[in-house]
Amino acid sequence: MVSEKIAQLINEQIAKEQYAAQYYLSMSAWFNSRDLEGIANYFRVQSKEELMHADKMFDYLADVGGEIVIGEIPKPPHTFADVQDVFEKALEHERVVTRSIFNIVKAANDEGDFATTSFLQWFINEQVEEESSASLLVSKIKMVKDNPSALYLFDQELSQRVFVPENGK
Ligand code: FEO
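Its first residue numbered 247, the sequence shown is counted upward by one per residue in our numbering.
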């Protein structure tokens, strides 16, 4: 049985993951309206992954008998300065999510709740990957943003990303 405090933190994290999904969907729409459909695809897939993260937490909370309380999801921004700004915001957001997950791990550790720390290990690893990918994309967009041919190829590259549900299980 999970404590009320940990259940509340996980409920809050579910809402944060759902917010991240909305945020990335907003980024996807921004690129879509600029005919950069490959990058739009990348963020659409990212949005689906975030919903899967929320689902994983939902299932865990149900498994450990925590009360699930669905939170309010704020409206994400829908305007961005330029293509680089979007990628920088995505990286910034992943860092926020990482800190938030670390915060739950710390609380679970303090309580000796090893089931939750074990469950969250998957998310810690996932955040390492997500921050790494987001950081790489910031570097790449800086290289290509002022060169239409390079940006076209970058867009093509990101069109290849597909949603793989197994990644989140
Ligand atoms: Fe679910 Fe991108 O963190």
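For glycine and all other residues, C-beta sits at the position ideal for the given N, C-alpha and C.
Closer than 7 Å: residue i CB and nearest the ligand FEO heavy atom
| i | result |
| --- | --- |
| A266 | yes |
| E296 | yes |
| E375 | no |
| V332 | no |
| E263 | yes |
| V343 | yes |
| H299 | yes |
The ligand COA heavy atom lying under 7 Å from the CB of residue i
| i | result |
| --- | --- |
| E340 | Because the ligand COA does not appear in the structure shown, any question about it cannot be addressed here, the ligands present being the ligand FEO. |
Host alpha helix (DSSP H) of residue i (start-end)
| i | result |
| --- | --- |
| E258 | 250-278 |
| H339 | 329-357 |
| G284 | 283-309 |
| E376 | 360-390 |
| F400 | 394-404 |
Notebook entry, point to check: Contact between the stretch 334-343 and the stretch 266-286: three or more CB pairs below 8 Å?
Noted result: yes
| message | I'd like to know if the stretch 308-327 and the stretch 255-268 are in contact, where contact means that at least 3 CB-CB pairs between them fall below 8 Å. | response | By the Cβ criterion, the stretch 308-327 is in contact with the stretch 255-268, since at least three pairs of Cβ atoms, one from each stretch, lie closer than 8 Å.
| request: Count the CB pairs spanning the stretch 287-304 and the stretch 344-353 that are closer than 8 Å, and state whether there are at least three. | output: no
query: Is the number of C-beta pairs between the stretch 347-359 and the stretch 282-295 that are closer than 8 Å three or more?
result: no
Does the stretch 248-259 come into contact with the stretch 305-312, if we say contact requires no fewer than three beta-carbon pairs (one atom in each stretch) closer than 8 Å?
yes
Given 8 Å, three or more beta-carbon pairs between the stretch 357-366 and the stretch 395-406
no
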